[in-house]
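From first to last, the protein sequence lines are chains A and B.
The opening position of the first sequence corresponds to residue 145 in this note's numbering, with each subsequent residue numbered one higher.
The opening position of the second sequence corresponds to residue 145 in this note's numbering, with each subsequent residue numbered one higher.
Cβ atoms here follow ideal geometry from the backbone N, Cα and C, with glycine treated the same way.
Nothing here was measured: the structure is a model prediction, and the numbers come from that model.
These notes concern the structure reproduced below.
There are 2 protein chains.
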Amino acid sequence: MNIGQASDRSGVSAKMIRYYESVGLLPSAARRPNGYRDYGDQEVAVLQFVRRTRDLGFSLDEVSTLLALWSNKKRPSRDVKRMAERHIADLEHRISEMRTVMRTLRDLAKTCHGDERSDCPILDDFAAPKTSITQRRKK
Amino acid sequence: MNIGQASDRSGVSAKMIRYYESVGLLPSAARRPNGYRDYGDQEVAVLQFVRRTRDLGFSLDEVSTLLALWSNKKRPSRDVKRMAERHIADLEHRISEMRTVMRTLRDLAKTCHGDERSDCPILDDFAAPKTSITQRRKK
DNA sequence: TGTTGACCTTCCCATTGTGGGAAGGTGCAG
DNA sequence: CTGCACCTTCCCACAATGGGAAGGTCAACA
Numbered sequence: 145m146n147i148g149q150a151s152d153r154s155g156v157s158a159k160m161i162r163y164y165e166s167v168g169l170l171p172s173a174a175r176r177p178n179g180y181r182d183y184g185d186q187e188v189a190v191l192q193f194v195r196r197t198r199d200l201g202f203s204l205d206e207v208s209t210l211l212a213l214w215s216n217k218k219r220p221s222r223d224v225k226r227m228a229e230r231h232i233a234d235l236e237h238r239i240s241e242m243r244t245v246m247r248t249l250r251d252l253a254k255t256c257h258g259d260e261r262s263d264c265p266i267l268d269d270f271a272a273p274k275t276s277i278t279q280r281r282k283k
Numbered sequence: 145m146n147i148g149q150a151s152d153r154s155g156v157s158a159k160m161i162r163y164y165e166s167v168g169l170l171p172s173a174a175r176r177p178n179g180y181r182d183y184g185d186q187e188v189a190v191l192q193f194v195r196r197t198r199d200l201g202f203s204l205d206e207v208s209t210l211l212a213l214w215s216n217k218k219r220p221s222r223d224v225k226r227m228a229e230r231h232i233a234d235l236e237h238r239i240s241e242m243r244t245v246m247r248t249l250r251d252l253a254k255t256c257h258g259d260e261r262s263d264c265p266i267l268d269d270f271a272a273p274k275t276s277i278t279q280r281r282k283k
């Protein structure tokens, strides 16, 4: 089948399918005499796997690793579970950072009238933060 | 003062200061006869404002708007509060998406032995998801 | 047969925000 | 005078995706 069909069935855009191939995430697709890429059910299954893991937030690098684990029938399930757990921990970390920011913004918003008046503690804080959230350096 | 000093005092890298200037987030810095950029306390204050708002996760576009609000003494505080609240809502949204993913991954990880055995429900799900989280299309 | 429209191909560009590094000028201290 | 730490601009890279141009292919339809 053509790339358009493979795209429809997998939910991965044709653009991305070509890109994944170009960066080596996917093997080079078979070609028809006219130069068109040719896909079978096997390839579509791989694309769906990629789509699914991308939707779950894994990076292309991680997806690449997961694909390798998937095709290696003998790998211990521990390896897979570890990847999942690392990703969960990563999400937890990011969420906790975002919550800290939310807390700060909520506190600031609470003290701001939010009406016609022009004085605004939010901007005052942005200009000269009292609470030292900002102190955390980038890694 | 030179850009290096301004960088140290504001916590914004020299590289980024130049970049912010180049994209119009900041006005062109004054120049010394030798071509070096010249900064005063005023400019450093602006840089700190940028640093702070960036740390809170505002995009450069939003920072630009916030800078305008900051310098416009007559704007209603409502405008500022609205920006803060929109950002909070955005964070809430992203967090909720991430939590959905976490829930899925936790469920999957729970069913995976995570030992020497090779059978792994996580990969099985990636290949053919039962729970239709993935069904949410991108926007 | 010829045309039209829906495909496909590759190639380049833009995004967002940051860093790395080269090649060259400047300024101060020893 | 030399060396070192600074400054300048310019280009490249990242991650992952989309837009779009220029051109080839194929099937259907008049």
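**OP:** Within the same chain, show all residues whose beta-carbon is closer than 8 Å to that of R230 (chain A), passing over the 5 residues directly before and after it, in chain order.
**Re:** Numbered from its first residue, the first sequence carries residue 230 (chain A) at position 86. Excluding sequence neighbours, R230 (chain A) sits near nothing in its chain.
Subject >> Residues of its chain near S172 (chain B), where Cβ-Cβ distance is below 8 Å and the 5 sequence neighbours each way are ignored >> reply: Residue numbering aside, residue 172 (chain B) sits at position 28 when the second sequence is read from its first letter. Excluding positions up to five away in sequence, the list reads E165.
Original post:
Can you name the residues of chain A whose CB is closer than 7 Å to the CB of K225 (chain B)?
Top reply: Mapped onto the second sequence, residue 225 (chain B) falls at position 81. A253, C256, G258, I266, listed in chain order.
Subject >> Segment contact flag, the region 183 to 197 of chain B with the region 207 to 221 of chain A, C-beta cutoff 8 Å, min 3 pairs >> reply: no
Original post:
Which residues bound the alpha helix (DSSP H) around P265 (chain B)?
Top reply: As a working note, residue 265 (chain B) is residue 121 in the second sequence. Here the alpha helix (DSSP H) through P265 (chain B) covers 265 to 271.
Original post:
Between the Cα of R181 (chain A) and the Cα atoms of A:L169, A:A158, A:S203, A:V167, which residue gives the shortest distance?
Top reply: Indexing the first sequence from 1 puts residue 181 (chain A) at position 37. The residue with the shortest Cα to Cα distance from R181 (chain A) is A:A158.
Original post:
So, is D258 (chain A) buried or exposed, given that buried needs 16 or more other C-beta atoms within 10 angstroms?
Top reply: For the purposes of this step, residue 258 (chain A) is identified with residue 114 of the first sequence, where counting begins at 1. Going by the sequence as given, residue 258 (chain A) is Gly instead of Asp. That one is buried.
Subject >> Pairwise C-alpha distance: S154 (chain B) and L200 (chain B) >> reply: Along the second sequence, one-based indexing puts residue 200 (chain B) at 56. Along the second sequence, one-based indexing puts residue 154 (chain B) at 10. Their Cα atoms are separated by approximately 15 Å.
Original post:
Could you give the uninterrupted runs of the alpha helix (DSSP H) lying entirely in the region 170 to 213 of chain A, keeping only those of 4 residues or more?
Top reply: Entirely contained in the region 170 to 213 of chain A, the alpha helix (DSSP H) runs reaching 4 residues are, in chain order, 185 to 199.
Original post:
Looking at L235 (chain B) and M160 (chain A), is the spacing between their C-beta atoms short of 9 Å?
Top reply: Start at 1 with the first residue of the first sequence, and residue 160 (chain A) comes out as number 16. Start at 1 with the first residue of the second sequence, and residue 235 (chain B) comes out as number 91. No, Cβ-Cβ distance for M160 (chain A) and L235 (chain B) is not below 9 Å.
Subject >> Proximal residues, the region 174 to 199 of chain B versus chain A, C-beta separation under 8 Å >> reply: A189, Q192, F193, R195, R196, T197, D199
Subject >> Simplified DSSP assignment, three categories, for G168 (chain B) >> reply: The residue given as residue 168 (chain B) occupies position 24 in the second sequence. Of the three classes helix, strand and coil, the one that applies to G168 (chain B) here is coil, per DSSP.
Subject >> Within 9 Å, strictly: CB atoms of S262 (chain B) and R175 (chain A) >> reply: As a first step, residue 262 (chain B) is located in the second sequence; it is residue number 118 there, counting from the start. As a first step, residue 175 (chain A) is located in the first sequence; it is residue number 31 there, counting from the start. In this structure, R175 (chain A) does not lie closer than 9 Å to S262 (chain B) by Cβ.
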